[in-house]
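Below is one structure, written out as structure tokens; comments come after it.
In this note's numbering, the protein residues as written are 246 to 518.
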């Protein structure tokens, strides 16, 4: 499937289908397990939603290749890739972005699908079932439920609402504290939502002014939202200020008006002894 408009439509259809599956068991009885650490959760709803998303895409694109957050390591299907290829196409899937929120009954989580070509999203959808909001990006730009999106027009960094995102642990607690203090001192106020794709969608829509993480990110947590922010007029870089790619260190997304000020609020790591 090469038509960009059609791929964008499939993203929305698949995200809505996966989100509907997850919504059916939201705040119900769930089987919850852990992955990398005790706060890195996965539920049976993640797997059920992912199966529905893959099935929906398969119906439209029988030759589809997938990069999915919850694909079992032992799966033998060669269509499921370990990473996003530098060239060519694939579909990147996060069935529930914000699983910890979902498992706790918090309403902020999303089902996310991106159609990726040469390492960047050419179409994507971030569906928030509990809010019934669907953020999309395609050849006609970024939108929420059909309404065109644009980033906020704020220029004074001291009035910004900036989110801190990413996976933090005990080992990175000092970095989180330093980043939160710096943002509070220079960028007005900060938020932390527990769903990176939702947070990026909020920047694209102007509900937030910026989002920052200094921690490693995954393609299913980033590609869709990065495409939305850029299509809505924003700027997305690594913490070094260079255009963000999957190989970047960290992620800094803003409305584009005061991106340098947001970058300046990111503490510089101390040199290794």
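Backbone N, C-alpha and C define an ideal beta-carbon position, used for all residues, glycine too. Keep in mind the model is a prediction, meaning the values are calculated, not measured.
- The beta-carbon separation of residue 260 and residue 382, rounded to 12 Å, does not stay under the 8 Å limit for a contact.
- Around the beta carbon of residue 396, a 10 Å sphere encloses 16 or more other beta carbons of the protein chains shown; the residue is thus reported as buried.
- Excluding five sequence positions before and after residue 406, the CB atoms of its chain that fall closer than 7 Å to its own CB belong to 433, 434, 436, 453, 454, given in chain order.
- Residue pairing of residue 458 in beta bridges, as defined by DSSP: 496.
- Looking at the DSSP output, residue 365 sits in a beta bridge with 362.
- For residue 255, the enclosing alpha helix (DSSP H) begins and ends at 249-270.
- A distance below 6 Å between beta-carbons, with the five flanking residues on each side excluded, links residue 253 to the following residues of its chain, in chain order: 368, 383.
- Here the stretch 336-356 makes contact with the stretch 284-299; the two share three or more CB pairs at distances below 8 Å.
- Under a 10 Å Cβ-count criterion, residue 269 is classified as exposed, with fewer than 16 other Cβ atoms of the shown protein chains found around its own Cβ.
- Here the alpha carbons of residue 377 and residue 459 stand approximately 30 Å from one another.
- In this chain, the alpha helix (DSSP H) harbouring residue 423 covers 418-431.
- Residue 485 and residue 494 have their alpha carbons spaced roughly 7 Å apart.
- With respect to residue 443, residue 355 sits close: the two C-beta atoms are nearer than 8 Å.
- Ranked by Cα distance from residue 483, the options 315, 375, 423, 509 are led by 509.
- Under the DSSP definition of a beta bridge, residue 382 partners with 369, 387.
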